[in-house]
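Worksheet: the structure to be examined is printed underneath.
In the working numbering, the protein residues as written are 1161 to 1279.
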């Protein structure tokens, strides 16, 4: 029997659908995969097939799913502790990339006046 591989992946706000090489499309709820559920649409749509379509990899979410697991209806086996650490690391990274609302002006007062006049 030949292995069934993924050909295409489609994600919505609440589901993951995988088009398979045997003509089927398998759809599962995103709540089965918390990293996908917590990802932004941009992160969820940044996927690639791995191992010739035997799996799917989301680099932004550090998530890998096997086609076999999806077909068999296996939800994520990630522990709550691991998911919590991952969510905390995402929140910390987001805080580091935020720009403060009132950032001090690093220009000299004179440069600031000239810049304002040029506008």
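Glycine residues also receive a C-beta, built at the ideal position from the N, C-alpha and C atoms.
What's the gap between the Cα of residue 1256 and the Cα of residue 1178? The straight-line gap from Cα to Cα measures roughly 35 Å.
How would you call residue 1233, buried or exposed, if buried means at least 16 neighbouring beta carbons within 10 angstroms? Residue 1233 is exposed by the Cβ-count criterion.
Would you mind working out which of 1188, 1222, 1239, 1250 sits nearest residue 1228, comparing C-alpha positions? Checked all of 1188, 1222, 1239, 1250; the closest Cα to residue 1228 is 1188.
One or two residues paired with residue 1177 in a DSSP bridge: In the DSSP assignment, residue 1177 is bridged to 1170, 1187.
How many whole angstroms separate the CB atoms of residue 1213 and residue 1175, which I take to be in contact at a CB cut-off of 8 Å? Contact doesn't hold; Cβ gap of about 20 Å is too wide.
Beta-bridge partners of residue 1153, as assigned by DSSP: The requested residue 1153 is not part of the displayed model; the chain covers only 1161 to 1279.
So is residue 1199 buried or exposed if we call it buried at 16+ other beta carbons inside 10 Å? Taking a 10 Å sphere around the C-beta of residue 1199, we find 16 or more other C-beta atoms and assign the residue as buried.
What did DSSP end up calling residue 1196 once you bin it into helix, strand or coil? The three-state reading of DSSP puts residue 1196 in helix, counting H, G and I together.
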